[in-house]
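In my numbering, the protein residues as written are 3 to 283. Note that the Cβ used here is the ideal one computed from N, Cα and C, for glycine as well. Notes to accompany the following structure.
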């Protein structure tokens with residue numbers, strides 16, 4: 003709901019802590035979801051929500067992608083494409099994973115326009131003087147300099163440390179950078195900024211359920227035939243939800259026809275009416 007109120011085109015999140023059990027709950031109406039979950043252990047993970055009116059395609063740079071937590075999406079622009087990257091670098095990340103990340107950054111920096119955001123966890127870097135105390139932080143600075151990147155975050159994002167960065171290879175591409183408080187119970191500040199370039203709007207090919215022509219009598223009958231006690235016996239909340247959703251979607255396909263959505267996009271979903279907006283504000 004916050005995303006719709008703000009009208010964001012892109013939303014990058016680090017440390018999602020998602021795995022396959024979250025597949026049913028992380029979608030957001032009006033946005034296409036790109037995600038990369040940490041494999042083999044808890045924590046980490048990155049995601050990027052792209053507004054449906056933008057054309058986005060995930061890029062696979064093909065260089066040790068499994069070693070680090072980053073994803074890259076090409077956004078179609080009127081004056082050229084924009085590469086948007088989201089990265090989470092754990093504080094204890096090793097040299098091998100760092101080097102793999104630097105190779106990805108080098109490849110992405112060859113694009114005409116790059117925006118890279120994320121939590122890089124180099125608290126010892128002084129961006130004003132371009133200096134750092136630790137070896138890994140100095141290597142990161144070398145990567146930034148070698149690829150002619152600009153770092154535009156100016157305020158600490160976690161206590162007194164500037165851990166969350168926005169990097170670009172094109173001066174003037176980003177602006178209006180400001181902190182917006184924390185997301186949920188996180189102790190990092192959200193960073194809001196604008197990409198100062200017009201994007202190409204996608205032509206909608208989406209369909210929507212046509213409830214005006216729905217056969218709700220048949221829907222109730224189909225769902226009423228299912229022996230729910232037996233179907234859900236011994237199941238936990240997660241499995242029960244997946245079983246219920248599967249039956250509901252099957253019945254929905256039979257009872258509710260679809261219609262093509264208009265290519266005109268709106269900044270808020272249909273369920274967010276004036277009354278709800280007033281209460282939220």
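Residue 112, buried or exposed, once every other Cβ within 10 Å from all chains shown has been counted against 16: As a working mapping, residue 112 is identified with position 110 in the chain shown. Result: exposed.
How many Å lie between residue 63 and residue 18 at the Cα? Mapped onto the chain shown, residue 63 falls at position 61. Mapped onto the chain shown, residue 18 falls at position 16. Roughly 22 Å separates the two Cα atoms.
Could you tell me which uninterrupted alpha helix (DSSP H) segments, each at least 4 residues in length, are contained entirely in the stretch 73–156, listed from first to last along the chain? 97–110 and 137–148
Rounded separation between residue 148 and residue 215 - CA only: Along the chain shown, one-based indexing puts residue 148 at 146. Along the chain shown, one-based indexing puts residue 215 at 213. Whole-angstrom Cα-Cα distance: 60 Å.
Tell me whether residue 91 is buried or exposed, calling it buried when 16 or more other Cβ atoms sit within 10 Å of its Cβ. Position 89 of the chain shown, counting from 1, holds the residue named residue 91. Counting Cβ neighbours within 10 Å, residue 91 comes out buried, since at least 16 surround it.
What is the C-beta distance between residue 120 and residue 54, in whole angstroms, given that I count them as a contact (C-beta under 8 Å)? Translated into positions along the chain shown, residue 120 becomes position 118. Translated into positions along the chain shown, residue 54 becomes position 52. Not confirmed; about 23 Å, so no contact.
In angstroms with no decimal places, state the Cα-to-Cα distance between residue 9 and residue 220. Taking the chain shown and counting its residues from 1, the one referred to as residue 9 is at position 7. Taking the chain shown and counting its residues from 1, the one referred to as residue 220 is at position 218. If you take the alpha carbons of residue 9 and residue 220, they lie about 38 Å apart.
Going by beta-carbon coordinates alone, are residue 56 and residue 74 separated by less than 7 Å? Here residue 56 corresponds to residue number 54 of the chain shown, with the count starting at 1. Here residue 74 corresponds to residue number 72 of the chain shown, with the count starting at 1. Result no, Cβ atoms of residue 56 and residue 74 do not sit closer than 7 Å.
Relative to the C-alpha of residue 79, which residue among 127, 58 and 235 is closest? In the chain shown, counting from the first residue as 1, residue 79 sits at position 77. When each option's Cα is compared against that of residue 79, the closest is 58.
Let me know if residue 38 comes out buried or exposed under the rule of 16 or more other beta-carbons within 10 Å of its beta-carbon. Start at 1 with the first residue of the chain shown, and residue 38 comes out as number 36. Residue 38 should be labelled buried.
Going by C-alpha distance, which of 21, 50, 198 and 153 is nearest residue 178? As a position in the chain shown, residue 178 is number 176, starting the count at 1. When each option's Cα is compared against that of residue 178, the closest is 198.
Beta-ladder partner(s) of residue 327, from DSSP: In the structure as shown, the chain starts at 3 and stops at 283, and residue 327 therefore has no counterpart that could be examined.
Going by alpha carbons, who is nearest to residue 45 out of 66, 238 and 21? Mapped onto the chain shown, residue 45 falls at position 43. Of 66, 238 and 21, the residue nearest in Cα terms is 21.
Can you have a look at residue 123 and say buried or exposed, based on whether 16 or more other CB atoms are within 10 angstroms of its CB? Taking the chain shown and counting its residues from 1, the one referred to as residue 123 is at position 121. Classification of residue 123: buried, given that the 10 Å Cβ count is 16 or more.
Please list the segments of the alpha helix (DSSP H) lying wholly inside the stretch 3–69, counting only runs of 4 or more residues, in order along the chain. 4–8
Could you name the residues that DSSP lists as bridge partners for residue 170? Residue 170 sits at position 168 when you count from the first residue of the chain shown. Answer is 117 and 152.
Would you give the residue range spanned by the beta strand (DSSP E) that residue 233 belongs to? Counting from 1 along the chain shown, the entry for residue 233 is found at position 231. No beta strand (DSSP E) holds residue 233; the alpha helix (DSSP H) holding it covers 230–233.
When DSSP labels each residue in this structure, what does residue 211 get in the three-state scheme? Locating residue 211 in the chain shown gives position 209, where the first residue counts as 1. Three-state DSSP puts residue 211 in a strand.
Measuring alpha carbon to alpha carbon, tell me which residue in 32, 49 and 253 is nearest residue 40. Here residue 40 refers to the residue found at position 38 of the chain shown. It is 49.
Return yes when the Cβ of residue 85 is within less than 7 Å of the Cβ of residue 116, no when it is not. Walking along the chain shown from the start, residue 116 turns up at place 114. Walking along the chain shown from the start, residue 85 turns up at place 83. Result yes, Cβ atoms of residue 116 and residue 85 sit closer than 7 Å.
Could you compute how far the alpha carbon of residue 162 sits from the alpha carbon of residue 127? Sequence index remark: in the chain shown, residue 162 carries index 160 (1-based). Sequence index remark: in the chain shown, residue 127 carries index 125 (1-based). Roughly 12 Å between the two C-alpha positions.
Taking the continuous alpha helix (DSSP H) assigned at residue 222, which residues delimit it? Residue mapping note: residue 222 aligns to position 220 of the chain shown, counting from 1. Counting along the chain, the alpha helix (DSSP H) containing residue 222 begins and ends at 218–226.
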